[in-house]
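Residue numbers (the numbering used here): 47 to 264. What follows is one structure encoded as structure tokens, with my remarks underneath.
Now the structure itself:
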């Protein structure tokens, strides 16, 4: 019964990630494949009707509009910052520090971590990635590996108290009687430790991030 209940989730995962991995669709196109697969699942469960479809479209438009507003504002900030020479200023400053390339990488990871305490990733990525990408190239790091390292760092910050956004999401859906500090924060700390271990392993063994993409059909 448990295995059978996992089939819908596995079907959606394979529909999205499978098409990307085998080179059938780009990530944006794969999202459309995932939406179509969701419709097929709803049909198979006989739960697809006009009201369900209408509500799904409305929620999609609502969430997508909010995300696009955040992304647009982030791109305006980054574009202005780069045009006035801010990107070159940050690049020259970091590359001029006598701490080696790993020290500079640690500073960039700290920036992603601090931003992740207060912001969603949709706002962080358009702001920091255009600024840090040229620096990653100058330091000789693999850009894909660095991107994965930054993603795991952001994921860690989303779970780290006191301003972890994920904790407030959990509080919003938790039943009555669940204490924020005693249950949610304390229960999250083991996962924060695991995330930090994951960051360390990813930094020490880059192939953890590079092996699977190297197998993808391009």
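For every residue, glycine included, the Cβ atom is placed at its ideal position computed from N, Cα and C. These numbers were taken from a predicted model, which means no experiment stands behind them.
query: Verify whether the separation of the beta carbon atoms of residue 238 and residue 206 is less than 8 Å.; result: yes
query: Since residue 247 and residue 254 are thought to touch, with beta carbons under 8 Å apart, how far apart are those beta carbons, to the nearest angstrom?; result: 6 Å
query: Could you tell me whether the region 49 to 63 touches the region 73 to 93, using the rule of 3 or more Cβ pairs below 8 Å?; result: yes
query: So, residue 232 versus residue 195, is the Cβ gap smaller than 8 Å?; result: no
query: Can you list, in chain order, the residues of its chain with a C-beta nearer than 7 Å to that of residue 191? Leave out the 5 residues immediately preceding and following it.; result: 252, 255, 256
query: Under the assumption that residue 181 contacts residue 141 (Cβ atoms under 8 Å), give the Cβ distance between them as a whole number of angstroms.; result: 7 Å
query: Which residue wins for smallest C-alpha separation from residue 134, given the options 149, 184, 223?; result: 184
query: Thinking just about the alpha-carbon of each residue, which of 77, 229, 223, 123 is nearest to the one in residue 174?; result: 123
query: Can you tell me the Cα-Cα spacing of residue 186 and residue 53, whole angstroms?; result: 42 Å
query: Using the C-alpha atoms, what's the distance from residue 91 back to residue 56?; result: 16 Å
query: In whole angstroms, give me the CA-to-CA distance for residue 40 and residue 212.; result: This structure does not reach residue 40, given that the chain is present from 47 up to 264, and the question cannot be answered.
query: Please state whether DSSP places residue 210 in a helix, a strand or coil.; result: coil
query: Can you tell me the Cα-Cα spacing of residue 217 and residue 89, whole angstroms?; result: 33 Å
query: For residue 240, does the count of other Cβ atoms within 10 angstroms reach 16, so buried, or fall short, so exposed?; result: exposed
query: Would you please state the rounded distance, in angstroms, between the beta carbons of residue 120 and residue 169? I believe it to be under 8 Å.; result: 5 Å
query: Is the beta carbon of residue 130 less than 8 Å from the beta carbon of residue 172?; result: no
query: With 8 Å set as the bound, which would you pick, yes or no: does the beta-carbon of residue 167 sit closer than that to a beta-carbon of chain D?; result: Any reference to chain D falls outside this structure, which holds one protein chain only.
query: With H, G and I counted as helix, E and B as strand and the rest as coil, what does DSSP make of residue 91?; result: coil
query: Does DSSP put residue 165 in a helix, in a strand, or in coil?; result: coil
query: Leaving out the 5 sequence neighbours to the left and right, which residues in its chain are closer than 7 Å to residue 209 when beta-carbon positions are compared?; result: 163, 164
query: For the alpha helix (DSSP H) containing residue 259, list its first residue and its last residue.; result: 253 to 261
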